[in-house]
Amino acid sequence: MSRFLFVAPPLMGHLNPARTVAAVLSEQGHEVAWAGSEATLRPLLGAEATIYRTGTRIHRAQADQGLESVKSVWERFIVPYTRFTLPAVQRAVTDYRPDVLVSDQITPAGALVAHRHGLPWATLVCSTIDLCRPYSRLPKVERWMSDQLARLWTEAGLPASELIDVRFSPYLVIAFTGRELTGPLMAPADGGQVRLVGPAIGQRAGDPEFPWDWLDPARRHVLVTMGTLATELAQSFNTRAVAAFAPMAQDLQAIVLGEADTVTQHAENVLMLPRAPVLEMLPRMDVVVSHGGLNTVCESLAHGVPLVVAPIRHDQPVNARQVVEAGAGVRVRFARVSPAELGTAVRTVLDDARYREAAGRIAASFAAAGGAVAAAESLQRLATTPRIAAQIPASSHA
Amino acid sequence: MTVNYPRAVADDQQSFLELVAILAAVSGEGSAWANAVTPDSQLERDLRMESVELAALGDALRARYGARVDLEAFFAGLEIEELIELKVADVLAYLASRQTSEGSTGRTCR
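Just so you know, the sequences run in chain order P and G. Here my numbering = 1-based position in the first sequence + 9. Here my numbering = 1-based position in the second sequence + 52.
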């Protein structure tokens, strides 16, 4: 029996895989506690869960595209959230005395506190942006990120001589993706302590109902899910999606996730819903159109469903490139794709069996990678075996 | 082998229009979009160029102005702020700096 403390951000795309892993640990008799926003965690984890409250910080809106969005994630989330939660995470460790601390890659407060206490700690990677180093050809951008982390390290009172890249635990890094999707990784993500376990798919509480009768078995089905981003651009994309699919009513039905009132022109073969039970729907989908968030991409591929990816920001362009290189889908431009281009892309993926075959191969590899069970096994091993940390230089990106 | 690539000149209207035409081509945009582009237009914020379009821009500029034009190397030397705020005029200035005053005789300008 070991004790695990999870440090997690108030973001569903990160909490869903983390709590799936935590649930496996609990089932096996281990103890789990959380440090994070109680307002977000409590409804997900239930009344019995041990939650060390970090408070809920209101975050300013982040820029919606490109490097400006990268910069705003750091300046408006990662850095201030680390500063804001550090004292609470510190108290959680002192009070709970975990055997292992499990820190999300984008909440380095967990890593900083674990290092201070000499605790073995693991990184959970729920987005591929740091795993795959999309800015390796922009060295000044990578250095800027390293500088942000180095400043947090110093502010936390840790000695400069011990500086490490806190995005990568020297003990264990668990990433919810698979080698068949990522392709070869660059340092530091190619280290021996990095485990790619595939998606951790678990129960989703509170998924809404879906009108299953609406699905016509004689037609093929496309699901359009552009994430929770509520910008005019995402609405404009959905409008173009409806325009793309309306002329394909003969053999295609489309479910578009979004606010129905943002698209005035509905078609007989298009259903617009604000939310849907995506995991239950995936087995009946023929293609998914997505912004390329890692969860959506991996969940689709885990069900053998190929993709059309229109990446917006963050790690989405990386995920889009990986889907294309793995042969499991095509990429279109988010801001500028026309209904005709989008229709052609969907038709291409539907009509060429190789996309579905590639998605099926990735599904098999994800299943073999073990998901949440494999992640829990690795964490258990970390809790019980002698701790030998891999050597990761602080300037691993330099 | 001597290939005479066209020359881009900073602050020159003809060079600017040529660059805008290339930007429109790699973005798949038409003349209305191109007409709204100014030297101060920022590639990311105003023109909403995506990473695949920037890669296509690099290829198109090399094809048009010669192998000495290496947009990726230019970007590699820029800070994150400079990349975010990169303007059409900055790309034009870079093109001009990478080309000799006598065509492709190989003289270094930087």
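From the three backbone atoms N, C-alpha and C, an ideal C-beta is built for every residue, glycine too.
- Nearest CB-CB separation between Gly-129 (chain G) and chain P: below the 9 Å threshold.
- Neighbours of Ser-93 (chain G) in chain P, taken as residues at a C-beta separation under 8 Å, are lacking, since the least C-beta distance is about 14 Å.
- Remark: C-beta atoms of Ala-77 (chain G) and Leu-147 (chain G) do not approach each other more closely than 9 Å.
- For Gly-80 (chain G), the neighbours in chain P by C-beta distance under 7 Å run, in chain order, Arg-345.
- Note that the C-beta distance between Val-298 (chain P) and Thr-234 (chain P) is below 9 Å.
- Those residues of the segment 73 to 94 of chain P placed with their C-beta closer than 9 Å to a C-beta in chain G are Gln-74, Gly-75, Leu-76, Glu-77, Val-79, Lys-80, ordered along the chain.
- Its Cα nearest to that of Phe-13 (chain P), the residue P:Ser-35 stands out among P:Pro-26, P:Gly-336, P:Ser-35, P:His-23.
- Classified as exposed, Met-195 (chain P) has fewer than 16 neighbouring CB atoms from the shown chains inside 10 Å of its CB.
- At least one C-beta of chain P is nearer than 9 Å to the C-beta of Arg-100 (chain G).
- Burial check for Gln-151 (chain G): the Cβ neighbour count within 10 Å reaches 16 or more, so the residue is buried.
- At a cut-off of 9 Å between beta carbons, Pro-326 (chain P) contacts chain G.
- Its chain contains Leu-138 as the residues whose beta carbon lies nearer than 8 Å to that of Leu-130 (chain G), once the 5 sequence neighbours on both sides are disregarded; these appear in chain order.
- Arg-28 (chain P) and Leu-54 (chain P) have their C-alpha atoms some 8 Å from each other.
- Rounded to the nearest angstrom, the gap between the Cα atoms of Glu-124 (chain G) and Asn-87 (chain G) is 26 Å.
- When the five nearest sequence neighbours on each side are left out, the beta carbons in the same chain lying within less than 7 Å of the beta carbon of Glu-189 (chain P) are those of Ala-335, Arg-370, Ile-371, Ser-374, in order along the chain.
- Contact check for Phe-219 (chain P) against Met-281 (chain P) fails: the beta carbons are separated by 9 Å or more.
- At the C-beta level, Val-79 (chain P) and Thr-132 (chain P) stay beyond 9 Å of one another.
- The DSSP-derived three-state label of Thr-234 (chain P) is strand.
- For Val-104 (chain G), the neighbours in chain P by C-beta distance under 8 Å run, in chain order, Pro-326, Arg-340, Arg-342.
- Among the residues facing chain P, Arg-97 (chain G) is included, as its CB has a counterpart in that chain under 9 Å away.
- The C-beta of Glu-124 (chain G) comes closer than 9 Å to at least one C-beta of chain P.
- Within the segment 341 to 393 of chain P, the runs of alpha helix (DSSP H) that reach at least 4 residues and sit entirely inside it are, in chain order, 348 to 360, 362 to 378, 380 to 393.
- Residues of the segment 147 to 158 of chain P whose Cβ lies closer than 8 Å to any Cβ of chain G, in chain order: Leu-147, Pro-148, Lys-149, Val-150, Trp-153.
- With a cutoff of 9 Å on beta-carbon distance, Arg-356 (chain P) and Ala-72 (chain P) are scored as not near each other.
- Look at Met-21 (chain P) here: in three-state DSSP terms it is helix.
- For Gln-151 (chain G), there is no enclosing beta strand (DSSP E), since its DSSP letter is neither H nor E.
- Cα atoms of Tyr-364 (chain P) and Leu-113 (chain G): separation of roughly 33 Å, rounded to the nearest angstrom.
- Every beta strand (DSSP E) stretch that sits fully inside the segment 125 to 189 of chain P and reaches 3 residues is listed by chain position as 130 to 134, 181 to 184.
- Taking CB atoms only, Pro-348 (chain P) has no neighbour in chain G less than 9 Å away.
- With contact defined as three or more Cβ pairs closer than 8 Å, the segment 81 to 95 of chain P and the segment 56 to 67 of chain P are in contact.
- Along the segment 132 to 144 of chain G, the positions whose C-beta sits under 7 Å from a C-beta of chain P are Ile-132, Leu-135, Ile-136, read in chain order.
- For Ile-60 (chain P), the uninterrupted beta strand (DSSP E) segment begins and ends at 59 to 62.
- The closest CA to that of Ala-258 (chain P), considering only P:Ala-243, P:Gly-267, P:Asp-225, is found on P:Asp-225.
- Taking a cut-off of 8 Å on C-beta distances, the segment 97 to 104 of chain P does not touch the segment 131 to 147 of chain P, as fewer than three cross pairs fall below it.
- In this structure Gln-212 (chain P) is exposed. Its beta-carbon is surrounded by fewer than 16 other beta-carbon atoms within 10 angstroms.
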